[in-house]
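Position 296 (the sequence shown) corresponds to 296 in UniProt numbering; numbering is contiguous.
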Amino acid sequence: MAKNWAICIGVNEYDFLQPLTYAQRDAQLMYEFLTKEAGFERVLLFFTHAPQRNRRPSRANLRRAIRQLVKDAKMAAGDNFWFFFSGHGMRHNGRDYLMPADGDREEVDHSAIPINWITDQLRQCGADNVVLFLDACRNQEDKGGEGIGKQTAEKAKQTGAISFFSCSPNEYSYEIAALRRGAFTCALLEGLGIQGQCATVERLNQYLTHRVPELLRQHRSEKDRQTPYTIAEPIAKSHLILLPKYATKADIAVLKNDAYRAEMRKEWQRAQQLWIRVGVAAMGTDMEVYDAFQRMPPLQENSPTVELIETVSVTNKDDSVPQIEPFPSPTKKGDASPPTESKEDKGKPLQTFTFEVITVDRRGKITERKPGHAEYFEEDLGNGVMLDMVKIPGGTFWMGSPEEEGRDNEKPQHKVTVPPFFMGKYPITQAQYSAIVGKNPSYFKGDKRPVEMVSWYDAVEFCEKLSKKIGGEYRLPSEAEWEYACRAVISELGKNPTHPPFHFGETLTDKLANYDASETYADGPKGQWRKETTPVSSFPPNAFGLYDMHGNVWEWCADTWHDDYEGAPTDGSAWVANGNDNCSLLRGGSWYIIPNNCRSAFRNDYVRDVRVLFNYYIGFRVVWGVGRTQ
Numbered sequence: 001m002a003k004n005w006a007i008c009i010g011v012n013e014y015d016f017l018q019p020l021t022y023a024q025r026d027a028q029l030m031y032e033f034l035t036k037e038a039g040f041e042r043v044l045l046f047f048t049h050a051p052q053r054n055r056r057p058s059r060a061n062l063r064r065a066i067r068q069l070v071k072d073a074k075m076a077a078g079d080n081f082w083f084f085f086s087g088h089g090m091r092h093n094g095r096d097y098l099m100p101a102d103g104d105r106e107e108v109d110h111s112a113i114p115i116n117w118i119t120d121q122l123r124q125c126g127a128d129n130v131v132l133f134l135d136a137c138r139n140q141e142d143k144g145g146e147g148i149g150k151q152t153a154e155k156a157k158q159t160g161a162i163s164f165f166s167c168s169p170n171e172y173s174y175e176i177a178a179l180r181r182g183a184f185t186c187a188l189l190e191g192l193g194i195q196g197q198c199a200t201v202e203r204l205n206q207y208l209t210h211r212v213p214e215l216l217r218q219h220r221s222e223k224d225r226q227t228p229y230t231i232a233e234p235i236a237k238s239h240l241i242l243l244p245k246y247a248t249k250a251d252i253a254v255l256k257n258d259a260y261r262a263e264m265r266k267e268w269q270r271a272q273q274l275w276i277r278v279g280v281a282a283m284g285t286d287m288e289v290y291d292a293f294q295r296m297p298p299l300q301e302n303s304p305t306v307e308l309i310e311t312v313s314v315t316n317k318d319d320s321v322p323q324i325e326p327f328p329s330p331t332k333k334g335d336a337s338p339p340t341e342s343k344e345d346k347g348k349p350l351q352t353f354t355f356e357v358i359t360v361d362r363r364g365k366i367t368e369r370k371p372g373h374a375e376y377f378e379e380d381l382g383n384g385v386m387l388d389m390v391k392i393p394g395g396t397f398w399m400g401s402p403e404e405e406g407r408d409n410e411k412p413q414h415k416v417t418v419p420p421f422f423m424g425k426y427p428i429t430q431a432q433y434s435a436i437v438g439k440n441p442s443y444f445k446g447d448k449r450p451v452e453m454v455s456w457y458d459a460v461e462f463c464e465k466l467s468k469k470i471g472g473e474y475r476l477p478s479e480a481e482w483e484y485a486c487r488a489v490i491s492e493l494g495k496n497p498t499h500p501p502f503h504f505g506e507t508l509t510d511k512l513a514n515y516d517a518s519e520t521y522a523d524g525p526k527g528q529w530r531k532e533t534t535p536v537s538s539f540p541p542n543a544f545g546l547y548d549m550h551g552n553v554w555e556w557c558a559d560t561w562h563d564d565y566e567g568a569p570t571d572g573s574a575w576v577a578n579g580n581d582n583c584s585l586l587r588g589g590s591w592y593i594i595p596n597n598c599r600s601a602f603r604n605d606y607v608r609d610v611r612v613l614f615n616y617y618i619g620f621r622v623v624w625g626v627g628r629t630q
């Protein structure tokens, strides 16, 4: 199994610098958390009044211990090495230093410890994730000096070491007497201790950014400024699961996306490291890890990575995944969506709109432009906000991927007959969500951008409130309805055609959808990766007149998660029986996702309750059912 080692250092008393009050206690509390709560196997603690002389934080003791610990570590992909320091830091001649107990600002080069030396040493341990927590600032006697940060940040970018800084280089890192600890370490331990909520680098960083200033306002003064920040590069490092025992399904799903991205780039070592981290976080229960290692180039024999992956046993149970208390389900298991009358029956006449349908070849070159038209009706949500619902004709199609394509969870390909229904022309926008729910949780703001940072339960709540406000039965689409609407192709009965991977054809380009266009599919070109959502009418629609079915935001479906299509309904209804009640389907990909994962057939599972997570790539669209078959 993965190794987790750490060093914790707290310096209260200095020979030549102003003393601190709670640095030693900060290190002791961090040590207790790592050993008792996080389950780290080996943690060395250095503090001012340590009974063992070799555990006191002098320069010689610290350098010797770091060298020896790194030598003993023999770590590999999936392992973690954490370094925590609470004390003074100093910038001298363009270099960042940590000040041990005998550090002297008049003899920095000879008495302090360069942080880049620490980083280089820790990188030699073999762990693919080295994490530094630096609760350090300049000595308050150095009025014109500058604290650590600039050089260390550059070093972190170069080496991939994740670095959490307690404050900006020109700020102080404050201690709070009422709490008997430093503000940064207090917030850090709070965040790490909230099981499942700050398990990743990204979420912990946001918690620290919010919580540290809040603690200062509560216990010191509005004038005191302390701005923690984090360096995690490349971007996938921000998705690192710091504490695997607290990992959620959502955390693991994001790591999977990063692993697929690395595969597409043929960054095999990086992909292997990410898949191993998926395996560690899933406690050996995720078969996709083994599928990944079978399709990637083999590792060298006797490599640490091979040894690690061979120690992870695969089971069919999922007991180790943290369970989330279920919310009340809006429908009972097995219930199909109820029949509803047509809009014409309610006196709402249908209108027609026209658009252009585009088809591209494997290179992304447009091979056909043809006019399209579709019927729709409008709902007035108030204050000039409208909801357009497009009529989707009933038909039969082949759902999933053929044997030679796609992933195992997209199989077996099977014939599904879908009754007609209405679907939102766009994903639900922020203006529409605000009009019904009264708030806008989105990270990327804009009335015409899709709403994001919504859980499955938030989407269901929206449907219920929308139905109550304007009448009818609005709901999330079934997975079959979604894929049928995305493909916008009605198959001929009795045949098993090969649908193109995208409704545009054989590939995607950045002129057709909002996705990670730094990656390609088939022979398509690279393009602009926008790294944010875009307004919902920015790209061409499919043949049914639906926009953003590929990319922009993932879209929730009503179904519970099933590992494949064995036993799936063939009538287009939501598949909720005998599935994972904690997880539902996401379809369509997002602005963050590589083109392979934006395919019409691509399926992604995600924990339903993700209100506390960074799900700024998840939205939804609604359907209004015309009729259902059992």
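The beta-carbon is built from N, C-alpha and C at its ideal position, and this holds for glycine as well.
According to DSSP, is residue i part of a helix, a strand, or is it coil?
| i | result |
| --- | --- |
| L17 | coil |
| H414 | strand |
| P371 | strand |
| C167 | coil |
| F46 | strand |
| E154 | helix |
| Q351 | strand |
| W529 | coil |
| N61 | helix |
| I118 | helix |
| M30 | helix |
| H110 | helix |
| V622 | coil |
| C8 | strand |
| C125 | coil |
| H219 | helix |
| D609 | coil |
Just the C-alpha distance for residue i and residue j, rounded to the nearest angstrom, thanks.
| i | j | result |
| --- | --- | --- |
| P427 | G395 | 23 Å |
| E463 | D447 | With the sequence shown as reference, residue 463 is identified as Cys, and Glu is not the correct amino acid for it. Taking the straight line joining both Cα atoms gives about 19 Å. |
| D559 | A250 | 17 Å |
| H550 | F377 | 23 Å |
| N12 | T48 | 6 Å |
| K425 | K411 | 28 Å |
| D318 | E41 | Since pLDDT at D318 reaches only 34, below the 50 mark, its modelled position is unreliable, and no value is offered. |
| E479 | R587 | 8 Å |
| H210 | N170 | 19 Å |
| E555 | R123 | 40 Å |
| A262 | R56 | 43 Å |
| L274 | S401 | 26 Å |
| L466 | D609 | 20 Å |
| L387 | D380 | 7 Å |
| W5 | V43 | 6 Å |
| T285 | G279 | 7 Å |
| Q528 | W591 | 11 Å |
| Y617 | Q206 | 17 Å |
| A253 | A271 | 14 Å |
| A136 | R91 | 11 Å |
| G145 | A459 | Because the pLDDT at G145 is just 48, under 50, the model does not fix this residue reliably, and the value given afterwards should be weighed accordingly. Using only the alpha carbons, I get a separation of about 52 Å. |
Measuring CA to CA, which of the options is closest to residue i?
| i | options | result |
| --- | --- | --- |
| P501 | Y515, A522, P349, D15 | A522 |
| A60 | G94, V43, M99 | M99 |
| R530 | N54, T119, T509, T429 | T509 |
| K3 | G78, S584, F544 | G78 |
| Q68 | Y565, I118, H373, K157 | I118 |
| A431 | K415, P450, K245, P420 | P450 |
| V607 | T248, K511, D388 | T248 |
| M296 | V280, T285, E267, A281 | E267 |
| E532 | D516, K526, K150, N440 | D516 |
| F539 | T520, N514, Q28 | N514 |
| M264 | N582, P535, T520 | T520 |
| V385 | E368, R181, T429, P349 | T429 |
Drop a sphere of 10 angstroms on the beta-carbon of residue i, count the other beta-carbons inside from all chains shown, and report buried for 16 or more, exposed for fewer.
| i | result |
| --- | --- |
| Q218 | exposed |
| P228 | buried |
| H373 | exposed |
| A435 | buried |
| D15 | exposed |
| S537 | exposed |
Write down the C-beta distance between residue i and residue j rounded to the nearest angstrom, noting that I regard them as a contact closer than 8 Å.
| i | j | result |
| --- | --- | --- |
| S163 | I231 | 5 Å |
| V360 | E506 | 7 Å |
Quick one: is the Cβ of residue i within less than 7 Å of any heavy atom of the ligand HEM?
| i | result |
| --- | --- |
| I118 | The model on display carries no ligand, and the ligand HEM is accordingly not part of it. |
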